[in-house]
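Remarks on the structure that follows.
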Amino acid sequence: MIIDNSDSSDLSKPQMMLKMMLTRKTDFCNFFPHIIELADICQSMPVSNAWPERGASTIKRIKTRLRSSLKQDMIMTLMNVSINGPNTGDSQQVTEKAVKRWRSEKDRRKLPKQKPNNRTNESEGAQENVIEIQTVEAECQTDVTGDNQQELIRKK
Numbered sequence: 001m002i003i004d005n006s007d008s009s010d011l012s013k014p015q016m017m018l019k020m021m022l023t024r025k026t027d028f029c030n031f032f033p034h035i036i037e038l039a040d041i042c043q044s045m046p047v048s049n050a051w052p053e054r055g056a057s058t059i060k061r062i063k064t065r066l067r068s069s070l071k072q073d074m075i076m077t078l079m080n081v082s083i084n085g086p087n088t089g090d091s092q093q094v095t096e097k098a099v100k101r102w103r104s105e106k107d108r109r110k111l112p113k114q115k116p117n118n119r120t121n122e123s124e125g126a127q128e129n130v131i132e133i134q135t136v137e138a139e140c141q142t143d144v145t146g147d148n149q150q151e152l153i154r155k156k
């Protein structure tokens, strides 16, 4: 059997062997059927966990508390753009073109700026009701006194 190594200079020896076995499935299938299946599985396994970790990090960035109701297809689309899309600096020209096109599609107007409310408070002279809130640590609120203490002793 002659092995052609011309295109596999960057492959390791096990990878070359797996590639050869899979390209010549018919030769090995009769003698080693389970080995061929194993070689097929090994070829499809990721070498490291960098890609799954990158995907998990991307999901964490995309699916925030405010975006928790996104559907699966939208999450997959946003992940694809986030992982495979251009860097934000590279997409500046595309963004500018999109904004120009959006503005040219329909006659749009800017909303007028609202003036600040200069009216005086009607109850300016009245005293405001102030509610004082006191916070206590949870540890301090678990005191056991009286009957509760006797019940806890009985349970032990």
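FYI, in the UniProt record's numbering the residues of the sequence shown are 1 to 156.
All C-beta atoms, glycine included, are put in the ideal place defined by N, C-alpha and C.
Tell me whether the beta-carbon of residue i lies closer than 8 Å to the beta-carbon of residue j.
i   : j   : result
T58 : M79 : yes
C42 : L18 : yes
I35 : K25 : no
M21 : A39 : yes
Kindly indicate which residue of the options has the alpha-carbon position closest to the one of residue i.
i    : options        : result
T77  : S68, P33, I62  : I62
R54  : S82, S44, N30  : S82
E105 : K97, Q93, P112 : K97
Leaving out the 5 sequence neighbours to the left and right, which residues in its chain are closer than 8 Å to residue i when beta-carbon positions are compared?
i   : result
N84 : none
M74 : none
P52 : P46
T88 : none
Among residues of its own chain, excluding the 5 on either side of residue i, which ones have a beta-carbon nearer than 7 Å to its beta-carbon?
i    : result
S48  : none
L66  : none
T23  : none
K100 : none
Suppose the cutoff is 6 Å on Cβ atoms and the five residues either side in sequence are ignored; what does the same chain contact list for residue i look like?
i           : result
F28         : M21, I36
residue 168 : The chain is shown from 1 up to 156; residue 168 falls before or after that span and cannot be answered.
F32         : none
TODO: Go through the UniProt domain "HAT C-terminal dimerisation" (29-81) residue by residue and report every complete run of the alpha helix (DSSP H) that reaches 4 residues or more, in order.
DONE: If we require 4 residues or more, the alpha helix (DSSP H) runs fully inside the UniProt domain "HAT C-terminal dimerisation" (29-81) come out as 33-44, 50-62.
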